[in-house]
Every structure is written in C-alpha cells, then in structure tokens.
Amino acid sequence: MLIDVSFFTSGPRHIQNASSTGMPSPESMAVNESIEGYIEAFQGEFLYSAVGKDLAVALADHLRLVEDEETGNDSEGRSKDMDLSGFDIVCRKLQESFADYVFYHILRDSNTQATMTGLVRLKCANEYMVPMERQVDVWNGMVNKNRRFVEWAMTDECPYKVEIEKNLLTPINVLNL
27 MLIDVSFFTS
37 GPRHIQNASS
47 TGMPSPESMA
57 VNESIEGYIE
67 AFQGEFLYSA
77 VGKDLAVALA
87 DHLRLVEDEE
97 TGNDSEGRSK
107 DMDLSGFDIV
117 CRKLQESFAD
127 YVFYHILRDS
137 NTQATMTGLV
147 RLKCANEYMV
157 PMERQVDVWN
167 GMVNKNRRFV
177 EWAMTDECPY
187 KVEIEKNLLT
197 PINVLNL
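Residue 27 is where the sequence shown starts when you use the working numbering, and the numbers rise one by one after that.
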C-alpha cells in the first residue's frame, strides 16, 4: 500500500485510537482495520487520478511487489531507502497527498453508518461536530501538495509522464463551489 495507519496516529490527521506501535487494544484494532479499508478502497482511484492510467497500473504493481517481499532489503542486501527506484520516488512524493485524500473520505463518512434500512447517525458519548470545515481544510491541503507534486513532475527529476486530473488540483469551500 502507498501509506499505512501511521499517517493517522498523530498530527492534523490524528484519528482517535489509531495505533501503529505496541500492543493494540481491541478499539485500536477496529480503527486500524477501518483505516486500512479506506486506504485499500481509495488507493487505485487516487493513483489513477494523480498520475494517469498507465503509470497508476505500474505503481500499483510495484507496490504489490514491495508488499510481497518478506524483508526490507533488495537482493544485494541494501536497504530500499538507500537505492530508490523511480517508482519509489513517485510513491514517496504522493504519500502525504494520498493520506489527506483518505482522511477527507474518512471525515465525509464519519457521522453515519450504512445498514440494510438506510444510513443511520452514529451515537457516542462525545458530541459530534459537522466535519465540513475540516474536510475543506484537508482537501485544500491535499490540493497544495498535489500542485507541488505537479511542479516536481514537470522537472527532469521525474522519470515519468504524469497526467493529473484537474479535480485533484481544484480547491473547494464549505459551499462546495
């Protein structure tokens, strides 16, 4: 996967009970599984929109191969961090933006749960706030990161042709205009 739960354990994307270290509690395990589900559900869509179809397929294949490896070292015993391929560089450049994209979707779905009879509003001891303003902040932060990614992709440092969709470069507001 392009990112993992660790992107949601601290800072502005912190999600309560998300944990990437130590012995997870049952609450942490449930939260982590939910976050991983969002990552898995949106990774392909994001890559397709952020880099274009052909490069997205190649990056997804690369990420699958990296996940399938049993160790963090390549065949010559060097750490992957020491010898980054072009795919690894593009993936690293997209991680923060993708984390914002996932967080935006988590916020969108945070107050309701689907049931067989429709959507229900979740109840909790905490008071719920409308996440719209936070969603706007997260989306617009992602847009800024994507714009920096496009600037980098247009240089000779980027080994691939990137085709990013306009919606990932368009800021929003609370009125969705």
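Note that the Cβ used here is the ideal one computed from N, Cα and C, for glycine as well.
Asked, Found
"Pop quiz: Y64 and V128 are said to be a contact at Cβ under 8 angstroms. What is the actual Cβ separation, rounded to whole angstroms?", "5 angstroms"
"Just the C-alpha distance for V164 and E95, rounded to the nearest angstrom, thanks.", "33 angstroms"
"What does the alpha-carbon distance come out to for the pair E122 and K171?", "8 angstroms"
"Where M55 and T141 are concerned, what is the direct C-alpha to C-alpha distance, given to the nearest angstrom?", "22 angstroms"
"Report buried or exposed for S75, applying the criterion of at least 16 other Cβ atoms within 10 angstroms of its Cβ.", "buried"
"Verify whether the separation of the beta carbon atoms of E189 and K79 is less than 9 angstroms.", "yes"
"Can you list, in chain order, the residues of its chain whose CB lies under 8 angstroms from that of E159, leaving out five sequence neighbours each side?", "V200"
"Report the residue from C184, L91, Q161 and Q69 whose alpha carbon sits nearest the alpha carbon of N137.", "Q161"
"Measure the C-alpha to C-alpha separation of L85 and K119 and round it to an integer number of angstroms.", "12 angstroms"
"Using 8 angstroms for Cβ pairs, my map puts R174 next to L195. What's the rounded Cβ distance?", "That belief does not hold up - the Cβ atoms of R174 and L195 are roughly 11 angstroms apart, past 8 angstroms."
"Assuming I61 contacts A44 under a Cβ cut-off of 8 angstroms, what Cβ separation, rounded to an integer in Å, is found between them?", "6 angstroms"
"With 16 as the cutoff for other CB atoms within 10 Å, does A67 come out buried or exposed?", "exposed"
"Does G103 pass the burial test, meaning 16 or more other C-beta atoms within 10 Å, or should it be called exposed?", "Because the pLDDT at G103 is just 41, under 50, the model does not fix this residue reliably, and the point stays unresolved."
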